[in-house]
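Chains as they are written, first to last, in UniProt numbering: chain A, 1 to 424; chain B, 1 to 424; chain C, 1 to 424.
Note that beta-carbon positions come from the ideal geometry of N, C-alpha and C, so glycine has one too.
Please read all numbers here as calculations on a predicted model, not as lab measurements.
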Amino acid sequence: MTIQLDRPTRPDDLTDLIGRHTAGYSLEAPLYTSREAFDLDMAAIFTKHWLFVAAEAEVPEPGDFVTVQVGPSSVIIVRDDDEQVRAFYNVCRHRGSRLLDDARGSVGNLVCPYHRWTYNVDGRLLHADNQPAGFDCSRFGLKPVHVRSVGGFVFICLADEPPADFDDVAARIDPYLAPYELGRTKVAHQIDIVEQGNWKLVMENNRECYHCDGHPELTSAYFPLHGYTAEDVPPRLRRTWDRFEKATAALQASCVRQGFPLDGMRELDNRPTGFMVAHAPLDGAGKSYTAGGESVCRKRLGSIADDRFGDFHLHMQPNSWFHLLSDHAVVFSVLPLSPDTTLLRSTWLVHADAVEGVDYDVPTLTHVWSATNAQDSAFVARTQRGVEDPGYQPGPYSEVEGDVEAFVSWYVSRVRAHLATTAY
Amino acid sequence: MTIQLDRPTRPDDLTDLIGRHTAGYSLEAPLYTSREAFDLDMAAIFTKHWLFVAAEAEVPEPGDFVTVQVGPSSVIIVRDDDEQVRAFYNVCRHRGSRLLDDARGSVGNLVCPYHRWTYNVDGRLLHADNQPAGFDCSRFGLKPVHVRSVGGFVFICLADEPPADFDDVAARIDPYLAPYELGRTKVAHQIDIVEQGNWKLVMENNRECYHCDGHPELTSAYFPLHGYTAEDVPPRLRRTWDRFEKATAALQASCVRQGFPLDGMRELDNRPTGFMVAHAPLDGAGKSYTAGGESVCRKRLGSIADDRFGDFHLHMQPNSWFHLLSDHAVVFSVLPLSPDTTLLRSTWLVHADAVEGVDYDVPTLTHVWSATNAQDSAFVARTQRGVEDPGYQPGPYSEVEGDVEAFVSWYVSRVRAHLATTAY
Amino acid sequence: MTIQLDRPTRPDDLTDLIGRHTAGYSLEAPLYTSREAFDLDMAAIFTKHWLFVAAEAEVPEPGDFVTVQVGPSSVIIVRDDDEQVRAFYNVCRHRGSRLLDDARGSVGNLVCPYHRWTYNVDGRLLHADNQPAGFDCSRFGLKPVHVRSVGGFVFICLADEPPADFDDVAARIDPYLAPYELGRTKVAHQIDIVEQGNWKLVMENNRECYHCDGHPELTSAYFPLHGYTAEDVPPRLRRTWDRFEKATAALQASCVRQGFPLDGMRELDNRPTGFMVAHAPLDGAGKSYTAGGESVCRKRLGSIADDRFGDFHLHMQPNSWFHLLSDHAVVFSVLPLSPDTTLLRSTWLVHADAVEGVDYDVPTLTHVWSATNAQDSAFVARTQRGVEDPGYQPGPYSEVEGDVEAFVSWYVSRVRAHLATTAY
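Right under this line is the structure:
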């Protein structure tokens, strides 16, 4: 017997929920709350798409590694002796022991602590004791994970056949990222937050500024105008809009001077590797994410020649967003832990030669986004509690939530594509 | 494959367990332990029946609210500007954010903290920013929950069509409640306990005094004779019985003087809104629930004219019991949290004009039932541990557990009625 | 809809996994990780086989009891007034209350704290209040569990019909155990560890010394040669092997002198009650499990006449191993708690007349195996994390993991036997 609740909080058929999704409305509850939907998301989204998991600056030298948890999988990201970034499942091929416990570190070889099976950082099994004649080490190398690096950011894909459109996306975003030379940065700070909500709520929250009244630190530099046009900007934001238009003109002139691409791109929901890029001025001093818009690091990134270079941002489906400024970058990776918990990893990058205490200090560098993360975390948690309630039903998006709708639309289409190719 | 345990601790078919229930015996284990039975109880009992959730005294003024958790649902109980008590799901109609975090408080409007959607305390959506032309606020009011107030107690029902017999029950119990004028009380104290047991074990424990040797504080005032008659009272309780008979005669005389109904009513298992009322004298001084039976508040409730007015109690299925005394009332609401945890909320009410520290003090007021709750909580927890054990099998009720049997009988019949009307 | 993950981390059909097991390889992941496999193991293994749960020395006097948790069941092991060891489910036959909370103690009768139902320590219901005429106490005695004592060790079986080969095994191991007279010992120390891994990983870890580089304390006395032969012992262990051969000759001479059986037995995977016994010398002083091999208790066990009597060990499927030395015994019981947690109980026994502080001290007595347990616990935990990872696939056993393979082979055959006799 299946218990029939008066409301379908535990559907037998997520296919139906995906199939009947109403455009312009939030998703039905079980897609945010159930273990079954979490497993579906792991299978349809996180196992099949490219995920941003680390900055190259986190593994600068051969042997440097980080481990990242993608759903049930721990993945080792390691720079090999040829300076290539590699990715492997963090599991010994003997009896399955976890190889590396630490979140980051440096190794010569990868040696399993249980029975000393020893792997090269390129994944080859080099040695295992007490094997019978005919044991073939080449059959027991670490299981590889697809890995690509774009503009200093490391993406992995757990699929056997990753989405083929990633090359195209990489080629198109690279001209925007290249001037920042993010491969020549270092990690100034990194914070992990466990959000008390489904990963999709974390993403949706990021994709709109309808709630930006709740972000006083952010809006002291960021124009809270996401989704608005000159026609529909509300009276309370009219003066902000005027400053925004002047700052936009100045930013565009700077781009022209520096040969930086002028136009944004927005292909959020019409391809496997959905993405958008946009370049927006900042308020106040207009230089960086601080109260008042002042710079937070004295060394500019890469070849950027203008402090007032605004906020270049890249959004990628399913799990990341990036803010690049003249003096630092702050980048975000979203990794689901369970139906109602999600890891948000925020990483601040500064020029490799910047000196802490001289060129920057961490509290100032991280102030705006630390505060913003904490506020968003509360919004996500209260939304999770709400969508778990049988009283929840999907509601309509406002006119300034277009990128939320694009995320949801991308999600629904990708799950449909997965279901269409999966035998049940 | 379904794993077949040697004993049916995880049945596929709760319908069978309900169908084969043996009258006079406790329920089979999965009904107390499984997630499936919990979901069934939510669907068949807590979503379909009237539940006691608050005293009116908890929301005395317009805008005053409490939030209560009924299974997966948070419900706002709020007094509107016309002084009517209203109930709503505590979920925003936009993207589902929880509206109110606090267990109690006071508001002007109900404003969602996420995107500022603003509702009147009568549930109407008053305002939402950035909506397209044609957006119709009237489609997005808060989702209402049925609510009724009887004799100062607030009941809600989550069903689309609540049981129709509630009006009859309300009419029949009102003459007993009215003299206490519980609408003119205030909350002197409230305690929430999370019991480590299934909600049915909490109810069953309340419905008998076979275990009252474990309640020395309670039995210093309460006659531990529940279920006994003059014929079967055991020798060790014979002297207690003699005092009980004398006190009963005095109480009946007082009822006659005051025009209070003499007879009890017991319709525990033959209707959707099962209930019973009974009026019993107290031991010792006979006035209230204290060691020795002395009063705990100097102000008598309502029109009660006699300190020695015993214990008038009301039991209601599925989730409440109420003790009304000349000087205070103590009332109990049981709300399931999970298969093996249950919230027991105990609320002590005194006359609205009683002054703490002058007319009553909280430790004295709450002493007997705080101790009793703690003792019962231990009994419930050890029973939960036992029924989770494959060594458990339903056992027979004794002759003084008739109201436990009535509760179980009511439960089985209500689940059967639910299953008969639900398509699978 | 069943979500189809790209890898079968949540199989619908454990029967298939058992059916396709590859000899010589570790088990497939779901058998170590899933709730379904845990339930299967409870049904096929822990409900159907004899389990070592206590030493007789834990219940020396009538009324002495211990309670042990076997999966969802709590079992009382109690010595009755005729000095027989009895076992019962720890559940009252009335409404299912847990009878005994404590892990050990002593009672006259077994009295339920809830409603005072009173049982003799032989399980008979002696008294229950308020029963109707015709109530038959003999129908409501405690539910018995099969119990056998062999050489001072208590085994229970939850099956209706326990494996019949236990008598044979008992008869064959008794001559090895008898000289130690373990019934005349006392418990010097007992430690419970909750391992963060499936019970099978705990057992597999015990069944090989391939990882013994990780046990420096153990290998100061124990020859880390398990699974090796004179032909395949690696060069780094050659000198150890030479010492081992000399010590073996001396031990055999001592056995002949004392009339102790010379030969081991190894029937690990060809019968329901799989077992092995072996007698091995110790390194260094060769007397006991200490750094250097010195004795840890001045009183020898039973009739053992030689301090240098090595390590007699008994392994039993599914859940135990025993080390008997001239001066003490240390014995281990493995009890699954959940798919990924397992209780390991280690008990040290010394001569009943040995005096703590005079003949032995606990830190010295327990040093080697306490350290070894902690090291093994870390190995088990990291293996559990690994096999939960979709990157895990079963790997090959080395030449020195034959007893691991035998355990796995026994397990697979016993589950197959269970599935063959169970209707689905």
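- Listed along chain A are R95, G96, S97, Y114, each with a C-beta nearer than 7 Å to that of T383/C.
- Distance from the CA atom of V380/A to the CA atom of E195/A, rounded to whole angstroms, is 7 Å.
- Take the alpha-carbon of V53/B and the one of V68/B: they are about 7 Å apart.
- Setting aside the 5 residues that flank it on each side, P72/B is surrounded in the same chain by M42, each with a C-beta closer than 8 Å to its C-beta; the list follows chain order.
- Among the residues facing chain A, H211/C is included, as its CB has a counterpart in that chain under 9 Å away.
- Under the three-state reduction of DSSP, S377/A is assigned to helix.
- Distances from the alpha-carbon of L325/C to those of S303/C, P339/C, S149/C put S303/C closest.
- A residue is called buried when at least 16 other Cβ atoms come within 10 angstroms of its Cβ; L142/A meets this threshold and is buried.
- Going by beta carbons, G310/B and A285/B fall outside the 9 Å limit.
- Looking at the DSSP output, I45/A shares a beta bridge with no other residue.
- Interface with chain B (9 Å Cβ-Cβ cutoff): A29/A is included.
- Taking 9 Å as the CB threshold, S26/B stays off the interface with chain A.
- Between R172/B and M265/B, the C-beta spacing is below 9 Å.
- Within the same chain, and ignoring the five residues on either side of H215/C in sequence, the residues whose Cβ sits closer than 7 Å to its Cβ are T372, Q375.
- When only Cα atoms are considered, F407/C and V331/C end up about 18 Å apart.
- Straight across, the Cα-Cα distance linking D136/B with G96/B is about 18 Å.
- Within the stretch 32-59 of chain C, contact with chain A at the beta-carbon level (separation under 7 Å) is assigned to no residue.
- With a cutoff of 9 Å on beta-carbon distance, L17/A and Y176/A are scored as not near each other.
- If only uninterrupted alpha helix (DSSP H) runs of at least 4 residues are considered, none is enclosed by the UniProt domain "Rieske" (50-156) of chain B.
- Interface annotation, A171/A: not in contact with chain C, CB-CB separation never under 9 Å.
- Think of a sphere of 7 Å around the beta carbon of V91/A: the chain C residues whose beta carbon falls inside it are G386, D389, G391, Y392, in chain order.
- The Cβ atoms of D39/B and R207/B do not sit closer than 9 Å to each other.
- For E195/A, the enclosing beta strand (DSSP E) begins and ends at 185-195.
- Leaving aside the five residues that flank S398/C on each side, the residues in its chain whose CB is nearer than 7 Å to its CB run, in chain order, Y210.
- The shortest C-alpha to C-alpha distance from P235/A to any of F65/B, C112/B, D129/B, D81/B is the one to D129/B.
- D340/A counts as buried, since at least 16 other C-beta atoms from the protein chains shown sit within 10 angstroms of its C-beta.
- Looking at R416/C, E405/C, T366/C, the one whose alpha-carbon comes closest to that of S26/C is E405/C.
- If you compare the alpha carbons of N319/B, D213/B, E28/B, T118/B with that of C157/B, the shortest gap goes to N319/B.
- Cβ atoms of D80/B and S106/B stay farther apart than 8 Å, at about 13 Å.
- CA-to-CA, the gap between E61/C and R385/B works out to about 28 Å.
- In this chain, H211/C is not harboured by any alpha helix (DSSP H), its DSSP state being neither H nor E.
- Where S346/B is concerned, the enclosing beta strand (DSSP E) starts and stops at 341-351.
- Out of K287/C, R124/C, Q258/C, F260/C, the CA that lies nearest to the CA of F223/C is found in K287/C.
- One thing to note: R104/A has its Cβ no nearer than 9 Å to the Cβ of A352/A.
- In the structure shown, E405/B adopts helical secondary structure according to DSSP, grouped into three states.
- Per DSSP, the beta-bridge partners of D311/A are A280/A.
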